[in-house]
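**Q** Protein chains in written order, with my numbering: chain A, 2 to 96; chain B, 176 to 665. Okay, handing you the structure first.
Here's what the structure looks like:
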């Protein structure tokens with residue numbers, strides 16, 4: 002499977018990444034190489050094989066529904082780039 | 176103090192040969208003097224370390240010291256440390272000071288060990304040479320006239336331990352990131368069974384593959400580290416509820432009757448004659464201790480790298496979507512709208528390799544491709560696991576190479592990412608299967624260390640460490656140090 006510069010631009014938007022114009026060719030070449038490596042998977046017979054999500058096929062451990070976390074808003078927001086009155090600031094979304 | 180193992184340092188502290196403060200000062204001095212040429216540390220926490228060392232000495236004076244009290248070490252900069260910069264090797268987290276400790280970090284604190292700093296790494300643990308770190312490349316202390324890579328992504332931890340800047344360090348492994356640098360730096364490193372060590376506070380790359388583990392010089396030290404790193408953690412829903420054995424208790428067991436499997440897919444014509452010879456010698460030595468060997472087959476192992484380069488990027492693209500410039504991490508200047516905020520913050524914060532993997536992952540998970548890539552890779556993953564399950568019906572442990580070659584030069588792999596990805600060809604399958612794997616020094620090629628890999632059954636770390644310790648009791652590869660740097664005693 003090869004992937005062209007237009008595909009790369011489309012995926013970049015999905016992934017919220019900006020790819021400089023002069024790098025698009027190189028990146029689509031690199032990713033096409035990686036995808037041709039990945040294409041070897043198509044040779045494997047996987048009929049009736051259940052996809053494996055967890056190596057131990059472990060199930061989710063449940064705990065009692067009790068409050069365990071205390072409010073640490075100030076501490077946790079101390080690493081945020083831009084806050085005001087306990088809120089995260091972003092550019093205006095709704096006019 | 177230079178070449179003492181954790182076990183020996185612990186004994187030395189107990190017998191009053193030196194204090195924790197003296198020990199930490201000794202290593203901090205080495206870091207100051209030598210790390211300028213190695214770049215294995217991103218942050219050195221001298222003040223904090225001296226404080227913990229004094230506290231350790233006070234504890235000892237009160238008769239309350241235990242094995243780890245006052246032992247200096249370093250954390251890979253992927254583990255969140257409360258109040259201490261944690262970058263994951265990325266500009267994205269250049270100023271990130273976590274408000275909490277990773278569970279592995281708490282474990283070392285509770286044991287009384289003294290953290291000297293945070294080690295350099297490939298950005299977000301994506302790389303096999305440490306060339307992708309935003310904080311500059313790490314130089315392998317074994318470098319000769321040419322500068323060599325330490326391996327990656329735990330290259331900072333490996334270089335620091337190899338140069339005797341710390342006796343041990345923590346590390347993480349998603350596709351070989353503990354074992355490959357251990358191989359290239361002449362160390363003993365172990366990736367535990369998936370779920371053995373808590374991932375809480377360990378910055379995520381590929382959640383179903385990531386696992387923390389020890390980077391040490393000896394199997395005994397690795398066992399001691401695993402003792403405090405392992406165990407169920409309610410904060411990591413994928414960690415396994417299972418008792419933690421004392422990993423040091425079986426080290427001295429005889430390996431008579433041990434059945435070692437040699438996968439024919441690993442010992443093929445692509446394996447260099449030098450490495451082939453080193454592994455054959457190691458096998459003979461293990462046989463001399465009473466082990467038996469048998470050829471086995473892992474028929475799907477050639478599909479490990481292809482499956483990995485769907486699963487790991489897919490999980491990475493999902494995990495790294497949390498970096499949005501809003502809650503933490505890099506934020507661009509003057510965003511004009513929300514899309515601009517996300518896109519520019521991420522584009523400025525991530526390096527090329529990280530971006531490449533996010534793009535692959537986003538593509539593999541996008542509408543119309545999910546079944547062909549992600550689902551298919553997860554099916555192949557089960558085939559790879561089933562190969563191992565069958566093999567472990569016939570043998571107790573699997574032996575093979577760790578890395579295809581000894582340490583290489585910077586830019587040696589050119590700019591084709593696939594060449595670098597093949598560096599992990601022997602290590603990736605254990606991550607996909609969730610099995611424990613370790614690398615230990617097995618010889619020298621062109622004067623540079625090279626490791627052999629042991630792969631164990633699920634939760635069979637104690638047996639792997641036993642085999643490694645027995646091998647180290649009749650060989651001295653693990654005692655070798657890079658001459659130019661490490662033997663430079665103060």
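The C-beta atom is built at its ideal place from N, Cα and C for all residues, glycine as well.
Kindly provide the ranges of any alpha helix (DSSP H) runs that are 4 or more residues long and lie completely inside the segment 338–374 of chain B, ordered along the chain.
**A** 354–360
**Q** Distance cutoff 8 Å, beta carbons only. Does residue 15 of chain A sit that close to anything in chain B?
**A** yes
**Q** Do residue 262 of chain B and residue 255 of chain B have their C-beta atoms closer together than 8 Å?
**A** no
**Q** Could you check where the beta strand (DSSP E) with residue 322 of chain B kicks off and where it finishes?
**A** Segment: none, residue 322 of chain B is in no beta strand (DSSP E) and carries neither H nor E.
**Q** I want to see whether chain B comes within less than 8 Å of residue 92 of chain A, judged by CB atoms only; does it?
**A** yes
**Q** Give me the Cβ distance between residue 610 of chain B and residue 631 of chain B, rounded to the nearest whole Å; I'm assuming they're in contact under 8 Å.
**A** Confirmed, about 7 Å.
**Q** Spell out the partners DSSP gives residue 469 of chain B in its beta bridges.
**A** B:436
**Q** How far does the alpha helix (DSSP H) with residue 536 of chain B in it extend, from its first residue to its last?
**A** Per DSSP, residue 536 of chain B is one residue of the alpha helix (DSSP H) stretching across 527–540.
**Q** Is the beta carbon of residue 257 of chain B less than 8 Å from the beta carbon of residue 274 of chain B?
**A** yes
**Q** Considering only the beta carbon of each residue, do residue 641 of chain B and residue 581 of chain B sit closer than 8 Å?
**A** With contacts defined as CB atoms closer than 8 Å, residue 641 of chain B and residue 581 of chain B fail to qualify as a contacting pair.
**Q** What are the residues of the segment 33–45 of chain A that lie near chain B, defined by any Cβ-Cβ distance shorter than 9 Å?
**A** If the cut-off is 9 Å between Cβ atoms, the segment 33–45 of chain A has 34, 35, 36, 37, 38, 39, 40, 41, 42, 43, 44, 45 near chain B.
**Q** Classify residue 256 of chain B as helix, strand or coil using the three-state DSSP reduction.
**A** strand
**Q** Once the 5 residues before and after residue 240 of chain B are set aside, which same chain residues still bring their CB inside 6 Å of it?
**A** Taken in chain order, the residues that qualify are 234.
**Q** Taking the alpha carbon of residue 601 of chain B as the point to measure from, which residue in B:613, B:590, B:591 has its own alpha carbon closest?
**A** B:613
**Q** Compute the distance between the beta-carbons of residue 569 of chain B and residue 471 of chain B, then report whether it is under 8 Å.
**A** Yes, the pair counts as a contact, with Cβ atoms nearer than the cut-off.
**Q** Does residue 12 of chain A come out as helix, strand or coil in the three-state DSSP assignment?
**A** helix
**Q** Would you identify the three-state DSSP class for residue 89 of chain A, choosing helix, strand or coil?
**A** strand
**Q** Given a threshold of 16 other Cβ atoms within 10 Å of its Cβ, counted over all protein chains shown, does residue 51 of chain A qualify as buried or as exposed?
**A** exposed
**Q** So, is the C-beta of residue 475 of chain B closer than 8 Å to a C-beta in chain A?
**A** yes
**Q** Please return the same chain residues whose Cβ sits closer than 6 Å to the Cβ of residue 520 of chain B, not counting the five positions on each side in sequence.
**A** Around residue 520 of chain B: 500, 505, 506, 507.
**Q** What residue from B:231, B:368, B:304 has the CA that sits closest to residue 357 of chain B's CA?
**A** With distances taken between Cα atoms, residue 357 of chain B lies closest to B:304.
**Q** In chain B, which residues lie less than 8 Å from residue 88 of chain A when you measure between Cβ atoms?
**A** Chain B residues near residue 88 of chain A: none, gap ~11 Å exceeds 8 Å.
**Q** Are the segment 280–293 of chain B and the segment 218–225 of chain B touching by the rule of at least three beta carbon pairs closer than 8 Å?
**A** yes
**Q** Do residue 370 of chain B and residue 354 of chain B have their CB atoms nearer than 8 Å?
**A** no
**Q** Is it right to say residue 549 of chain B is buried, meaning 16 or more other beta carbons lie within 10 angstroms of its own, or is it exposed?
**A** Buried is the call here.
**Q** Could you check whether residue 16 of chain A and residue 625 of chain B sit closer than 8 Å to each other, using their CB atoms as the reference points?
**A** no
**Q** So residue 380 of chain B contacts chain A; which residues on that side make the cut at Cβ distance below 7 Å?
**A** Those do not exist, as residue 380 of chain B stays about 16 Å from chain A at its closest Cβ, beyond 7 Å.
**Q** Does the beta-carbon distance from residue 528 of chain B to residue 296 of chain B come in below 8 Å?
**A** no
**Q** Listing by chain order, which chain B residues have their CB less than 8 Å from the CB of residue 81 of chain A?
**A** 501, 502, 503
**Q** Between the Cα of residue 192 of chain B and those of B:232, B:343, B:213, B:478, spot the shortest distance and give me the residue it belongs to.
**A** Of B:232, B:343, B:213, B:478, the residue nearest in Cα terms is B:232.
**Q** Compute the distance between the beta-carbons of residue 482 of chain B and residue 556 of chain B, then report whether it is under 8 Å.
**A** yes
**Q** Please state whether DSSP places residue 296 of chain B in a helix, a strand or coil.
**A** coil
**Q** Got a sec: is the Cβ-Cβ distance from residue 369 of chain B to anything in chain A below 8 Å?
**A** yes
**Q** Going by DSSP, what residue range makes up the beta strand (DSSP E) through residue 172 of chain B?
**A** Nothing can be reported for residue 172 of chain B: it is not among the residues displayed for chain B, which extend from 176 to 665.
**Q** What does the Cβ neighbour count give for residue 545 of chain B, buried or exposed, with the cut at 16 atoms within 10 Å?
**A** exposed
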